[in-house]
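If you're matching them up, the sequences are chains A and B in order. So the first sequence is numbered by the working numbering: it starts at 1 and just counts up by one. So the second sequence is numbered by the working numbering: it starts at 1001 and just counts up by one. Just so you know, even glycine gets a beta-carbon here, dropped at the ideal spot from N, CA and C. A short write-up of the structure that comes next.
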Amino acid sequence: GQSLEQPSEVTAVEGAIVQINCTYQTSGFYGLSWYQQHDGGAPTFLSYNALDGLEETGRFSSFLSRSDSYGYLLLQELQMKDSASYFCAVSHNAGNMLTFGGGTRLMVKP
Amino acid sequence: ETGVTQSPTHLIKTRGQQVTLRCSSQSGHNTVSWYQQALGQGPQFIFQYYREEENGRGNFPPRFSGLQFPNYSSELNVNALELDDSALYLCASSLDLLRGEQFFGPGTRLTVL
């Protein structure tokens, strides 16, 4: 089967940098995605890594190491609006079917 | 370009009943996936449809079934509702099967009493 591990909660202050780690076990790994979900909202796509290395999109960066079955999401210059739940998700086999982790609740404090 | 929409927003049913949830994908997106999200947990994959055919299924019983229509709309049907079926049901459409990017609708909150 598939399983993903990520911390349940992270707290940081405005302007800081935070890293949310994700380790996974899956067969037929295709890629690792990250989604943000505010309370009461829908998940929104942040980034995707299929190959090893760092992908940068504005204040957000995502890293993948396929050999270590590990990835992380890096959020820089934290803002209050970044307070949300963040999910890593693996795509396995073909077809873009996602298996999500349990989510990391990020609280940004002033 | 309109986003993914779902109806209804909220729904209350009793145990044993049947329910149909609806989703309208983004235009041109030929893949739709359905997820169940319990409170405080990550979404769980139910199944995916690609060009009106079931393309994959998660660990859900056969009483969860779906349909996808040529007009980019889709349905999730759940028979013989159980209390544990209470959750947020999300549909997500995608254009590129290989990139991991899916566009989620706002969800339908189902409560089973």
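is_contact[residue i, chain B] using C-beta, thresh 8 Å
| i | result |
| --- | --- |
| N96 of chain A | yes |
| F60 of chain A | no |
| T104 of chain A | no |
| S27 of chain A | no |
| P43 of chain A | yes |
| Y70 of chain A | no |
| R99 of chain A | It is Thr, not Arg, that sits at residue 99 of chain A in the sequence shown. Yes, contact with chain B. |
| S91 of chain A | yes |
| N63 of chain A | With the sequence shown as reference, residue 63 of chain A is identified as Phe, and Asn is not the correct amino acid for it. Cβ-Cβ to chain B under 8 Å: no for F63 of chain A. |
| Y48 of chain A | yes |
| S3 of chain A | no |
| S83 of chain A | no |
| S33 of chain A | yes |
C-alpha distance - residue i paired with residue j, whole-angstrom precision
| i | j | result |
| --- | --- | --- |
| F60 of chain A | L78 of chain A | 10 Å |
| Y24 of chain A | E56 of chain A | 21 Å |
| L54 of chain A | L64 of chain A | 7 Å |
| S1033 of chain B | Q76 of chain A | 31 Å |
| G101 of chain A | F1103 of chain B | 18 Å |
| E1082 of chain B | I1046 of chain B | 16 Å |
| P1017 of chain B | T1111 of chain B | Per the sequence shown, residue 1017 of chain B should be read as Gln rather than Pro. Rounded to the nearest angstrom, the two C-alpha atoms are 12 Å apart. |
| T1005 of chain B | Q1026 of chain B | 8 Å |
| S1024 of chain B | S1073 of chain B | 4 Å |
| Y70 of chain A | S91 of chain A | 14 Å |
| L106 of chain A | G28 of chain A | 30 Å |
| A1087 of chain B | Y30 of chain A | 28 Å |
| S1007 of chain B | L1021 of chain B | 6 Å |
| L1039 of chain B | G1 of chain A | 23 Å |
| R1051 of chain B | Q37 of chain A | 28 Å |
| G1107 of chain B | Q1037 of chain B | 9 Å |
| Y1049 of chain B | D39 of chain A | 27 Å |
| T1031 of chain B | S62 of chain A | 25 Å |
| G41 of chain A | R66 of chain A | 31 Å |
| E952 of chain B | F45 of chain A | For chain B, the structure presents residues 1001 to 1113; residue 952 of chain B sits outside this window and is missing. |
| P1061 of chain B | Q1068 of chain B | 19 Å |
is_contact[residue i, chain A] using C-beta, thresh 8 Å
| i | result |
| --- | --- |
| F1060 of chain B | no |
| P1106 of chain B | yes |
| E1052 of chain B | no |
| S1007 of chain B | no |
| S1086 of chain B | no |
| Q1018 of chain B | no |
| L1011 of chain B | no |
| Q1041 of chain B | yes |
| R1099 of chain B | yes |
| S1093 of chain B | no |
DSSP-derived helix/strand/coil call for residue i
| i | result |
| --- | --- |
| M107 of chain A | strand |
| V10 of chain A | strand |
| S85 of chain A | strand |
Per DSSP, the bridge partner or partners of residue i
| i | result |
| --- | --- |
| K1013 of chain B | B:V1112 |
| G111 of chain A | Residue 111 of chain A lies beyond the stretch modelled for chain A, which goes from 1 to 110, so this question has no answer here. |
| V1019 of chain B | B:V1078 |
| L98 of chain A | A:S91 |
| L78 of chain A | DSSP, once it has assigned bridges, lists no residue as partnering L78 of chain A. |
| Q2 of chain A | Looking at the DSSP assignment, Q2 of chain A forms no beta bridge with any residue, so it has no partner. |
Cβ-heavy atom distance, residue i to the ligand GTP, below 7 Å
| i | result |
| --- | --- |
| E5 of chain A | The ligand GTP is absent from the structure shown, which contains no ligands of any kind. |
Secondary structure, beta strand (DSSP E): runs of 3+ residues fully inside the region 1023 to 1104 of chain B: 1031 to 1037, 1044 to 1050, 1053 to 1057, 1064 to 1068, 1073 to 1078, 1087 to 1094
Would you mind listing the alpha helix (DSSP H) stretches within the region 13 to 67 of chain A that are 4+ residues and don't spill past its ends, in chain order? none
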